[in-house]
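Student: Numbering (my numbering), first residue to last: 8 to 119.
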């Protein structure tokens, strides 16, 4: 597997990056009193740009663990970026997310 990003993927990613504007906070964390962009708001804003650039971001859950306290979940994702031509940048982009765990509906993941 090559670490090099295919040119068509890199060009499409740059097209999306150039189109992205600052996203407005659409949600509020009342407990800690701050605004944020919800995942739904993010996807609503970014999805049309990805579609226009013919890109898909494919998430892959690598690991998920409930903390010893039973209240926190750690989830590790890797993301693969694919162009409609079939060109794929599969060097995993890895992210770790910690969420408050209160059952199966504590979080949800959208595929772009």
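Think of the CB as a built atom: it goes at the ideal place given N, C-alpha and C, for glycine as much as any other residue.
Measuring CA to CA, which of 88, 24, 69, 96 is closest to residue 63?
Tutor: Translated into the one-based positions of the chain shown, residue 63 becomes position 56. The shortest Cα separation from residue 63 among 88, 24, 69, 96 belongs to 88.
Student: Give me, in chain order, the residues of the same chain whose beta-carbon lies closer than 7 Å to that of residue 23; leave out the 5 immediate sequence neighbours on both sides.
Tutor: One-based indexing of the chain shown puts residue 23 at position 16. Around residue 23: 56, 57, 60, 62.
Student: DSSP on residue 58, reduced to helix/strand/coil?
Tutor: Position 51 of the chain shown holds residue 58. It is helical.
Student: Take residue 13 and list the residues in its own chain whose beta-carbon comes closer than 8 Å to its own, dropping the five residues that flank it on each side.
Tutor: Working through the chain shown from its first residue, we reach residue 13 at position 6. If we look at residue 13 and ignore the five residues flanking it on each side, its Cβ neighbours are 90, 94, 95, 96.
Student: Have a look at residue 72 and residue 82 and give me their C-alpha separation to the nearest angstrom.
Tutor: Counted from its first residue, the chain shown places residue 72 at position 65. Counted from its first residue, the chain shown places residue 82 at position 75. Approximately 7 Å between the Cα atoms of the pair.
Student: Who are the Cβ neighbours of residue 33 in its own chain at under 7 Å, not counting the five residues just before and after it?
Tutor: The count along the chain shown starts at 1 and reaches residue 33 at position 26. Within the same chain, residue 33 has close Cβ partners 44, 45, 48.
Student: Name the two residues that bound the continuous alpha helix (DSSP H) containing residue 18.
Tutor: For this step, residue 18 is matched to residue 11 along the chain shown. That run of the alpha helix (DSSP H) goes 14-26.
Student: Tell me residue 99's beta-bridge partners as DSSP assigns them.
Tutor: Taking the first residue of the chain shown as position 1, residue 99 is located at position 92. The partner list for residue 99 (beta bridge, DSSP) is empty, contrary to what the question assumes.
Student: Can you give me the Cβ contacts of residue 19 inside the same chain, cut-off strictly under 7 Å, excluding the 5 residues immediately before and after it?
Tutor: By 1-based counting over the chain shown, the position of residue 19 is 12. Excluding positions up to five away in sequence, the list reads 60, 61, 62, 90.
Student: Quick check on residue 88 - is its C-beta less than 9 Å from some C-beta in chain C?
Tutor: Given the protein chain composition of this structure (a single chain), no chain C is represented.
Student: Could you give the distance in angstroms between the alpha-carbon of residue 36 and the alpha-carbon of residue 92?
Tutor: As a working note, residue 36 is residue 29 in the chain shown. As a working note, residue 92 is residue 85 in the chain shown. Cα-Cα distance, rounded: 40 Å.
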